[in-house]
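Residue numbers (UniProt numbering): 1 to 124. Idealized CB from N, CA, C, for every residue including glycine. Below you'll find the structure, written out as structure tokens, and then a few comments.
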């Protein structure tokens, strides 16, 4: 079985539950020793606007689970890369100083140029 080198997940919708699930998958890959990164495409970049949060946070906290902001912090601590689509930043009016400090701006061309033959790509 080929070894997973890195997992790249594209979050293609501005849906907090979808981002939360993508972060969980990236963190699972990182916990197994693999590289992992998330690319928030288009309107999904708005999910990184400070303060971080989504409608499902209260239920998650009530169940003893981390909220979206905590998940982003934990993922970053596990070296999961968080990339906001440059076009999405422009589309949503989000600036670098107004988004999660764990994220950086990037584009799809750069993302795909950096995908290796052993990498896995998922779209949420």
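Distance from residue 97 to residue 30 at the Cβ level is roughly 27 Å; contact not present, criterion being Cβ atoms closer than 8 Å. Residue 123: member of the beta strand (DSSP E) spanning 120–123, first to last residue.
Under the DSSP assignment, residue 72 falls in the alpha helix (DSSP H) whose first and last residues are 68–77. If you draw a straight line from the Cα of residue 95 to the Cα of residue 84, it is about 10 Å long.
If you ignore the 5 residues before and after residue 51, its C-beta comes within less than 8 Å of the C-beta of 69, all in its own chain and listed in chain order. Between the alpha carbons of residue 54 and residue 17 lies a gap of roughly 8 Å. Counted as a single uninterrupted DSSP element, the stretch harbouring residue 39 is not any alpha helix (DSSP H) but the beta strand (DSSP E) occupying residues 35–40. A residue is called buried once 16 or more other Cβ atoms fall within 10 Å of its Cβ, and residue 123, having fewer, is exposed.
In this structure, residue 5 sits away from residue 36, with a CB-CB distance that is not shorter than 8 Å.
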